[in-house]
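Here the UniProt record's numbering is used: the first residue of the sequence shown is 1, the next is one more, and so on.
Glycine included, each C-beta is placed from N, C-alpha and C at the ideal position.
Only a predicted model underlies this, so the values are computations on that prediction, with no experimental measurement involved.
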Amino acid sequence: MGTPAVDELGDVLRVLGEWQHDGGPVQLHPGDVGWFWRFGAERTATATRTWSRAGDVLAVGLLDGADLVRLAFAPDALRDEELARRVVEDVSAPERGVLPEGAVSVEVPVGALVQDLLSTHGWESGEPWTLLRRDLGVPVPDPGARVEVIGPERAHEWAAVVRASFDGSTFTEERWHAMASGVPYAGARCLVVRDERGEAVAAVAVWSAGDGRPGLIEPMGVHRAHRGHGHGRAITMAAARALQELGSSSVVVCTPSANVGAVATYRSAGLERLPERRDLHRAAA
């Protein structure tokens, strides 16, 4: 297991992008790392873990907060027993520096052997997540709303909508600029939907993993004062169209299953539900 330097993150993200394909499981995406980049390059590198063999990266983890690691695997390594045992040992032992003692969680792609092994090591099913996908091989209808691509001069507006969309959000204009300076943002766009008065009422960031690969929505939010008017559906449709322009084969998104409003919004925008995924959770001793 290793932690890349800042100047090595580009190579890690390139490999992570190559693992994304429509026939495989939804897993940690370069856009997830891109969204984390709002905290800066150094912190992003510190939060990244890699597992390699003979010089080839086979698994990548992102410490998304103090008590959660999110994992992705090379397609041909999902059921690799040697790799799976190494990953399980590293995430289960606090002294390895992945997860601390106490209550922690691991996000594992559906079908990965790590999920089976963690279950036999006392980890239990945790929070359920709904995964959704829309094929971009066919035209996406016009969202029927005023959509704007946000650049540096309007970053404050995008940040304000994000703060007003998520309880407890501390997102700022400065964090937008940090995010936009990251390697993954070369294949990303930030969008807003404006209402009839020109006010930004919904926001989304979309992330490409390269031509012909699934693109990611992370995050998507509607200002709490402007909900119930179809803005979520419109911004999701706009996100799909933006990813189509970027060459993505599909759009994927993950949301807590408990967030029934978000699930309904994504489905109204033409995304189809995939099999649910559950985190693996270890309770405090």
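Asked, Found
"Cβ pair P30, F73 closer than 8 Å", "no"
"Spatially closest choice to M237 from H156, A283, V147, M179, by CA coordinates", "V147"
"Spatially closest choice to A178 from G10, G187, E42, S169, by CA coordinates", "E42"
"For R227 and G261, the rounded distance between their alpha carbons", "10 Å"
"For T130, the first and last residue of its enclosing beta strand (DSSP E)", "124 to 135"
"Simplified DSSP assignment, three categories, for A72", "strand"
"Residue range of the unbroken alpha helix (DSSP H) whose run includes R86", "81 to 92"
"For V204 and residue 290, believed in contact at Cβ under 8 Å, the rounded distance", "Residue 290 is absent from the model: the chain starts at 1 and stops at 285."
"Nearest to A258 (by Cα), restricted to the options V138, L131, V161", "L131"
"Rounded straight-line distance, which links the Cα of T48 to that of A59", "11 Å"
"At least 3 beta-carbon pairs within less than 8 Å: the region 7 to 14 vs the region 85 to 102", "no"
"Selected residue, minimal CA-CA separation from G2, among A159, W51, D32, R273", "W51"
"Beta-ladder partner(s) of M220, from DSSP", "V204"
"7 Å CB neighbourhood of S248 in its chain, flanking five on each side removed", "L136, S208, R213, P214, G215"
"Collapsed DSSP secondary structure at D279 in the structure displayed", "strand"
"Coarse secondary structure for A164, derived from DSSP in three states", "helix"
"G24 to R277 span [Cα, whole Å]", "14 Å"
"Segment limits, alpha helix (DSSP H) that includes W51", "Segment 48 to 53 is the beta strand (DSSP E) holding W51; no alpha helix (DSSP H) there."
"Three-state secondary structure (DSSP) of T120", "helix"
"Proximal residues to Q20 (C-beta, below 7 Å), its chain only, five neighbours per side dropped", "H29, A209, R213, P214"
"Cross-strand partners of R96 (DSSP beta bridge)", "Looking at the DSSP assignment, R96 forms no beta bridge with any residue, so it has no partner."
"Nearest-angstrom Cα separation, counted from V193 out to A283", "41 Å"
"Straight-line Cα distance separating I235 from L62", "27 Å"
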